[in-house]
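Student: Before I ask anything, here is the structure I am working with.
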Amino acid sequence: MITYDELHNQNHKITEHANILHYLLADRSLCDSKVTCDLFFHFVDMVKEHIEVTDKHFYKHLLVCDQETKNTATKFMSGSVEIKKVFSEYLSKWCNKRGKQLRISDYENFKSETDEVFNMVLDRIQAETENLYPLVKEVTGDLRAVV
Numbered sequence: 001m002i003t004y005d006e007l008h009n010q011n012h013k014i015t016e017h018a019n020i021l022h023y024l025l026a027d028r029s030l031c032d033s034k035v036t037c038d039l040f041f042h043f044v045d046m047v048k049e050h051i052e053v054t055d056k057h058f059y060k061h062l063l064v065c066d067q068e069t070k071n072t073a074t075k076f077m078s079g080s081v082e083i084k085k086v087f088s089e090y091l092s093k094w095c096n097k098r099g100k101q102l103r104i105s106d107y108e109n110f111k112s113e114t115d116e117v118f119n120m121v122l123d124r125i126q127a128e129t130e131n132l133y134p135l136v137k138e139v140t141g142d143l144r145a146v147v
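Residue numbers are given in UniProt numbering: position 114 of the sequence shown equals residue 114, and the series is strictly consecutive.
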């Protein structure tokens with residue numbers, strides 16, 4: 001079981017990391033620092049964990065409801081698949097597979113793609129907060145936790 005407070009805390013931490021990384025990665029000289037890399041890969045782990053938790057706990061409640069609710073669940077599930085795909089391609093392109101290091105050969109392209117990926121994640125978090133969580137609360141009747 002995961003509480004809505006825990007989900008909101010995850011979302012806050014992901015957003016906070018994205019905002020900090022946005023500034024750090026804007027300076028090419030900071031991209032290769034250990035501190036930036038550690039923060040970056042912590043962000044990656046948090047996003048992956050959050051998507052996994054959402055996929056595991058939310059959709060089962062929505063897929064047994066009316067068609068409109070099922071459509072919303074399907075939309076979020078499709079978005080989840082797309083985020084995983086884009087995130088995986090992004091990480092394959094810009095990260096060293098052996099260790100947790102960034103591998104930046106074209107900084108301008110890296111920066112542009114990073115902004116796109118971060119915006120995609122932040123848009124998803126906003127959509128969850130505004131649409132998914134309230135819908136699951138309504139369907140389950142539980143205002144504290146996703147069962």
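The beta-carbon is built from N, C-alpha and C at its ideal position, and this holds for glycine as well.
Return the bridge partner residues of Gln101 from the DSSP annotation.
Tutor: In the sequence shown, counting from the first residue as 1, residue 101 sits at position 101. Gln101 pairs with Asn96.
Student: Take the Cβ of Gln10 as the centre, count every other Cβ of all protein chains shown within 10 Å, and call the residue buried at 16 or more, exposed below.
Tutor: Here the question's residue 10 lines up with position 10 in the sequence shown. With 16 or more Cβ atoms within 10 Å of its Cβ, Gln10 is classed as buried.
Student: Starting from Ser112, follow the alpha helix (DSSP H) in both directions and report where the run begins and ends.
Tutor: On the sequence shown, residue 112 is found 112 positions in, with the first residue counted as 1. Here the alpha helix (DSSP H) through Ser112 covers Tyr107 to Ala127.
Student: Considering just the uninterrupted stretch of the alpha helix (DSSP H) at Asp38, what are its terminal residues?
Tutor: The sequence position of residue 38 within the sequence shown is 38, counting from 1. Run containing Asp38: Lys34 to His57, per the alpha helix (DSSP H) assignment.
Student: Along the chain, where does the alpha helix (DSSP H) containing residue 212 start, and where does it finish?
Tutor: The requested residue 212 does not occur in the structure, where the chain is confined to residues 1 to 147.
Student: What does a CB cutoff of less than 7 Å around Cys31 pick up in its chain, not counting 5 residues either side in sequence?
Tutor: As a position in the sequence shown, residue 31 is number 31, starting the count at 1. Closer than 7 Å at the Cβ level, and outside the excluded window around Cys31, lie Leu25, Leu102 and Ile104.
Student: In whole angstroms, what separates the C-alpha of Trp94 from that of Lys70?
Tutor: Mapped onto the sequence shown, residue 94 falls at position 94. Mapped onto the sequence shown, residue 70 falls at position 70. Cα to Cα, Trp94 sits roughly 36 Å from Lys70.
Student: With burial defined as no fewer than 16 other Cβ atoms inside 10 Å of the residue's Cβ, what is the status of Glu68: buried or exposed?
Tutor: What you label residue 68 is simply residue 68 of the sequence shown in a count that begins at 1. Flag for Glu68 reads exposed.
Student: So the alpha helix (DSSP H) Glu138 belongs to, where does it begin and stop?
Tutor: Within the sequence shown, numbered from 1, the residue matching residue 138 stands at position 138. Tyr133 to Thr140 is the extent of the alpha helix (DSSP H) around Glu138.
Student: Closest to Val121 by C-alpha separation, out of Val81, Thr140 and Glu138, would be which residue?
Tutor: Walking along the sequence shown from the start, residue 121 turns up at place 121. Checked all of Val81, Thr140 and Glu138; the closest Cα to Val121 is Val81.
Student: Compare the C-alpha of Val84 against each of Thr54, Glu130 and Asp106 and name the closest.
Tutor: By 1-based counting over the sequence shown, the position of residue 84 is 84. Before going on, a small fix: residue 84 reads as Lys here, not Val. Nearest option by C-alpha distance: Thr54.
Student: Given that a residue counts as buried once 16 or more other Cβ atoms are within 10 Å of its Cβ, and exposed if not, what is Thr114?
Tutor: Here residue 114 refers to the residue found at position 114 of the sequence shown. Buried, by the Cβ-count rule.
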